[in-house]
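Some notes on the structure that comes next.
In our numbering, the protein residues as written are 198 to 869.
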């Protein structure tokens, strides 16, 4: 069985990479840059800079290998490996500990995070260069820390430990989204992501505080209110029930809504595309946005104990899937199309969690990580050739980039949910679970998800056709002058970029059926993935493959694909005419339902700044300052009387003493 020290290496390997790159390699490069110049010195600095990606890849590669070992050992251990917890800090009766929670959820998430991160780092070798990016070592240092943060969150055995790494994930996303901080748009996007996700994190923090508040109920049974396993026990033994469970689950879900870009805290995610494309792939596939789904899954027993919160999760998930898909229909930036697809697919996962299909949600998270990383890295490969992300200036790239085209096609098929791709198997499981959910929330979520499936087929193949079919439209050379662009290189991307695309393409095509087959494959039993997750703290139900629903889901997706084909390949339907005839709807979708305007103009400027902040400013000046000034005036006036009595005239002091003595004598005479 894998040792505890080896499991900790999954965290400390990328963390050590961050420390070495950030505090040794980068400072040394800075010193060399100040003390030497010339071609030889530049060559030496370049060679030293390459230590950053090498260290990152080696560290994350080691973490991936250990994660695989941990997965196999967890399987052998029937879903659990017990490790001791270590005391860290004691406050009153509350003992803070640090430890590893190794269960099926942890084992699977470790493999997802480290495998996708490894592919992203290899890809970055060709995408990020020392010549055009002064932050070369900074980039790999941040990426190492990002991976370590997500791993630390997955391994956490208590909610405080989890929250610390949860916030570190948010910090890393801020640093990487704003990596090109000299661009105003990138700096604004980073701040937006940080602030919007803090809104959800405040709810998560309230949930943790509520657990602290109820610690006495836990302590009476010998449990800790912050230990995750003890929280499971408290729910099972009805130590926390009713409104307490609902409020704690609501706070946790608020944190998940912020990190996973669910409605209404979705607005930061499309703007996060300002970061480098490999960063977008990592954020959208395996780290930050997956953290929200992981959080709900980690505390799923809490949600199961509150039917109200289960319904809320299902409805929010179903609506988000449809809502985000509608915005993807009209986006022209290929990365934004993929960003909206991420929000939509996360909605599918939340829908599955809300209808009680815990294992199905994680199955979709698992497959989504591979095909979404593939699509984002494919968009970066396209940008490498055309110098733009705007699909209106692309076209005809299939003949120049056959490997990128083939892998992007596989990713598109998987996103559209067509069998036998990985996304097809997991999306059908989600729809089946919603169909069999047995309540109104599940039924509503099912029909919203079905409608979103048709939109998904349309927008992803619209992106594929606009990018790869037809004739090349000039790339960055024809873009407006103020548009960000780069040089045009109409050729396939370097091998370091193509290799991860091929590996992820194979995974996006076959991994869904291989890990969760609908028939017994011998080595891999039928529904292995679902069975394995059922060995954890959550009981799972296994539904047989529903052929009718699968055909219906594929039909809706194919309908969207056919419509995209008629509009962008055959030209039978004119996109311009459709846009003109539905101009109000198109404007609404293109402006993202005006949520940015609502948040920034109305809530921030008019409510908080124009109303609330000015009201508080008036109260501070007119009430608080006035009270303080009055109290000060009383002190000053009392001081005036005291000052007059202490004037330094001895004869007056004597007279005052004489009057005092006479007064005392008189009182004794009057009241003997």
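We treat Cβ as the ideally placed atom computed from N, Cα and C, and that holds for glycine. These figures come from a predicted structure and were not determined experimentally.
Beta-carbon spacing of residue i, residue j below 8 angstroms
i	j	result
residue 428	residue 499	yes
residue 482	residue 570	yes
residue 421	residue 214	no
residue 474	residue 538	no
residue 564	residue 310	no
residue 629	residue 746	yes
residue 204	residue 293	no
residue 574	residue 706	no
residue 593	residue 671	no
residue 524	residue 446	no
residue 694	residue 323	yes
residue 479	residue 337	no
residue 334	residue 223	yes
residue 663	residue 588	yes
residue 568	residue 620	yes
residue 535	residue 606	no
residue 623	residue 709	yes
residue 246	residue 226	yes
residue 713	residue 726	yes
residue 402	residue 423	no
residue 729	residue 272	yes
residue 180	residue 494	Missing from the structure shown is residue 180; the chain here goes from 198 to 869 and no further.
residue 522	residue 604	no
residue 765	residue 659	yes
Supposed contact pair residue j and residue i - C-beta distance, whole angstroms, cut 8 angstroms
i	j	result
residue 649	residue 313	Contact doesn't hold; Cβ gap of about 24 angstroms is too wide.
residue 471	residue 383	4 angstroms
residue 758	residue 655	7 angstroms
residue 633	residue 740	6 angstroms
residue 354	residue 425	6 angstroms
residue 750	residue 645	That pair is no contact at about 13 angstroms.
residue 497	residue 735	5 angstroms
residue 642	residue 511	5 angstroms
residue 462	residue 366	Between residue 366 and residue 462 the Cβ distance is about 15 angstroms, and since that is not below 8 angstroms, they are no contact.
residue 476	residue 373	4 angstroms
residue 451	residue 400	3 angstroms
residue 455	residue 394	4 angstroms
residue 274	residue 198	7 angstroms
residue 527	residue 786	5 angstroms
Buried versus exposed, by CB contacts within 10 Å (16 or more), residue i
i	result
residue 489	buried
residue 513	buried
residue 651	buried
residue 329	Unreliable positioning characterises residue 329 in this predicted model, as indicated by a pLDDT of 46, which lies under 50. The coordinate reading is nonetheless provided below. Result: exposed.
residue 817	exposed
residue 406	exposed
residue 284	exposed
residue 300	buried
residue 531	buried
residue 867	exposed
residue 586	buried
residue 553	buried
residue 449	buried
residue 858	exposed
residue 155	With the chain represented from 198 up to 869, any question about residue 155 goes unanswered, as that position is not in the structure.
residue 200	exposed
residue 188	Nothing about residue 188 can be read from this structure; the chain reaches only from 198 to 869.
residue 665	buried
residue 442	buried
*So, do the segment 253-262 and the segment 272-292 have three or more beta carbon pairs nearer to each other than 8 angstroms?*
Because the criterion of three Cβ pairs below 8 angstroms is not met, the segment 253-262 and the segment 272-292 do not touch.
*Taking contact to mean at least 3 C-beta pairs separated by less than 8 angstroms, is the segment 759-774 in contact with the segment 621-641?*
no
*Do the segment 602-618 and the segment 712-730 make contact, defined as three or more Cβ pairs closer than 8 angstroms?*
Contact annotation: the segment 602-618 does not touch the segment 712-730, with fewer than three C-beta pairs closer than 8 angstroms.
*Taking three-plus beta-carbon pairs below 8 angstroms as touching, is the segment 512-522 in contact with the segment 541-560?*
yes
*Evaluate the contact criterion for the segment 686-696 versus the segment 574-593: three or more CB pairs, one atom per stretch, below 8 angstroms.*
yes
*asked:* Three Cβ pairs or more, each shorter than 8 angstroms: is that satisfied between the segment 456-468 and the segment 313-327?
replied: The answer is no - the segment 313-327 does not touch the segment 456-468, with fewer than three Cβ pairs under 8 angstroms.
*Is the segment 198-211 in contact with the segment 345-359, if contact means three or more CB pairs nearer than 8 angstroms?*
Between the segment 198-211 and the segment 345-359 there are three or more C-beta pairs closer than 8 angstroms, enough to call the two in contact.
*Run through the segment 593-666 for me and flag every whole beta strand (DSSP E) of 3 or more residues, listed as ranges in chain order.*
With a minimum length of 3 residues, no continuous beta strand (DSSP E) run stays inside the segment 593-666.
*Which whole runs of the alpha helix (DSSP H) in the segment 787-823 are 4 residues long or more, in chain order?*
811-816
*Note down, one range per segment and in chain order, each alpha helix (DSSP H) of at least 4 residues found wholly within the segment 296-339.*
Here the runs fully enclosed are 301-324.
*Considering only residues of the segment 512-563, which uninterrupted alpha helix (DSSP H) runs meet the minimum length of 4 residues and lie entirely inside it, listed in chain order?*
531-551
_Length at least 4, wholly inside the segment 418-451: the alpha helix (DSSP H) runs in chain order_ = 425-433
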